[in-house]
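J.: Start counting the sequence shown at -13; every next residue gets the next number (our numbering). Let me begin by handing over the structure; questions about it come next.
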Amino acid sequence: MTGSCTTAKPTRIGVLAYQGDVREHMATLEAIGVEAVRANKAEHLEGLAGLIIPGGESTTMGKLLTVFGLDEEIRARHRQGMAVFGTCAGLILMAKRIENSEQARLGLMDITAARNAFGRQIQSFETDIDAPAIGPEPMRGVFIRAPYISDVGEGVEVLARFNDRIVLARQGRLLAAAFHPELIGETRLHRYFVDIAASAP
Ligand code: GLN
């Protein structure tokens, strides 16, 4: 069927490769049989069904996105249908609003992010998170100086809370997680994202 218009295109997912746990995201995608691409230039976005923005330091990543002009490219690709999944710092970069911060961002999703919101004593921890939309068993997530979502707009679906705080949300082809599923072999959230990315825009 090669060359036929009816052949389904393989789903390629990019991982923004400035800093953070790029390798772990790529390994998680490969573990579920999805082609993963390192993306740090405009041309790397070509043909991607989805893009993952990993954790790291959101102010640094936001500056790099602006300096290299990749922010505009990602916004344009998203308008054409590319799905975007941000974890931790990636969530912050996806938010339209960031509490007490004017830092550079993609600003794609109608959410407010609160940075480093889980307090100093418990900057990092691992926990179970109930997210029925993802699966009946709780997900395992690692929180590392994690943000949470303090407010959502009308089109945003809250998928999980932890201690009453929103830690997972979806808006159409946008998905944001406050925690890291990729560090502990949790693949279901990546599967969920790939299904969003592979569905018709
Ligand atoms: N606290 C970081 C920030 O605000 C995010 C931490 C992470 O991605 N693990 O950018």
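Glycine is no exception: its CB is placed at the ideal position from the N, C-alpha and C atoms. Since the model is a prediction, treat every value here as computed from it, not as a measurement.
What are the boundary residues of the alpha helix (DSSP H) that Asp57 is part of?
T.: Taking the first residue of the sequence shown as 1, we reach residue 57 at position 71. Leu56 to Arg65 is the extent of the alpha helix (DSSP H) around Asp57.
J.: Less than 8 Å between C-beta atoms, sequence neighbours within five positions excluded: which residues of the same chain meet that for Arg24?
T.: For the purposes of this step, residue 24 is taken as residue 38 along the sequence shown, with counting starting at 1. The answer, listed in chain order, is Gly0, Val1, Ala3, Val8, Met12 and His30.
J.: Could you check where the beta strand (DSSP E) with Ile152 kicks off and where it finishes?
T.: In the sequence shown, counting from the first residue as 1, residue 152 sits at position 166. Arg151 to Gln157 is the span of the beta strand (DSSP E), which, as asked, contains Ile152.
J.: In this structure, does DSSP put Leu37 in helix, strand or coil?
T.: Position 51 of the sequence shown holds residue 37. Residue state, collapsed to three classes: strand.
J.: Following a CB-centred definition, is Asn102 positioned closer than 7 Å to any heavy atom of the ligand GLN?
T.: Locating residue 102 in the sequence shown gives position 116, where the first residue counts as 1. The answer is yes for Asn102.
J.: Would you decide whether Ala146 is buried or exposed? Buried here means 16 or more other CB atoms lie within 10 Å of its CB.
T.: As a working note, residue 146 is residue 160 in the sequence shown. Ala146 should be labelled buried.
J.: By DSSP's criteria, Ser110 is part of a beta bridge. Which residues make up the other side?
T.: In the sequence shown, residue 110 corresponds to position 124, counting from 1. Partner(s): Ile130.
J.: At a threshold of 7 Å, does Gly127 count as lining the ligand GLN (C-beta to nearest heavy atom)?
T.: Looking up residue 127 in the sequence shown gives position 141. Gly127 Cβ: outside cutoff for every heavy atom of the ligand GLN.
J.: Could you give the residue range of the alpha helix (DSSP H) that holds Met47?
T.: Walking along the sequence shown from the start, residue 47 turns up at place 61. Its alpha helix (DSSP H) spans residues Ser44 to Val53.
J.: Please report the straight-line C-alpha distance between Ile38 and Pro124, rounded to a whole angstrom.
T.: Sequence index remark: in the sequence shown, residue 38 carries index 52 (1-based). Sequence index remark: in the sequence shown, residue 124 carries index 138 (1-based). When rounded, the distance between both Cα atoms is 22 Å.
J.: I need the DSSP call for Leu94, collapsed to helix, strand or coil.
T.: Here residue 94 refers to the residue found at position 108 of the sequence shown. Residue state, collapsed to three classes: coil.
J.: Using CA atoms only, rank isn't needed, just tell me which of Leu79, Ala100 and Glu59 is closest to Ala90.
T.: Here residue 90 refers to the residue found at position 104 of the sequence shown. Minimum Cα distance to Ala90 is reached at Leu79.
J.: Rounding to the nearest angstrom, what Cα-Cα distance links Arg159 and Pro167 in this structure?
T.: Stepping through the sequence shown from its first residue, residue 159 is reached at position 173. Stepping through the sequence shown from its first residue, residue 167 is reached at position 181. Rounded to whole angstroms, Arg159 to Pro167 spans 19 Å at the Cα level.
J.: For Val23, report the span of its beta strand (DSSP E) as first-last.
T.: Locating residue 23 in the sequence shown gives position 37, counting from the first residue. Segment Glu21 to Ala25, the beta strand (DSSP E) holding Val23.
J.: Taking the DSSP output, what are the residues bridged to Met80?
T.: The residue labelled residue 80 in the question sits at position 94 within the sequence shown. Answer by DSSP bridge pairing: none, since Met80 is not bridged.
J.: Bridge partners of Thr73, per DSSP?
T.: On the sequence shown, position 87 is the one that residue 73 refers to. According to DSSP, which records beta bridges pairwise, Thr73 is partnered with Ala163.
J.: Mind checking Val53: buried by the 16 CB within 10 Å criterion, or exposed?
T.: If you number the sequence shown from 1, residue 53 lands on position 67. Counting Cβ neighbours within 10 Å, Val53 comes out exposed, since fewer than 16 surround it.
J.: Here's the rule I'm using: 16 or more other beta-carbon atoms within 10 Å means buried, otherwise exposed. How should Ile190 be labelled?
T.: No statement about residue 190 is possible, as the shown extent of the chain runs from -13 to 187 and does not include it.
J.: For Thr173, which residues of its own chain have a beta-carbon under 7 Å away from its beta-carbon, when the five flanking residues on both sides are left out?
T.: Here residue 173 refers to the residue found at position 187 of the sequence shown. So the qualifying residues of the chain are Thr14, Ala17 and Ile18.
J.: Could you check which residue in Gln109, Val153 and Ser136 has the C-alpha nearest to that of Ala117?
T.: Residue 117 sits at position 131 when you count from the first residue of the sequence shown. If we check each option's Cα against that of Ala117, Val153 comes out closest.
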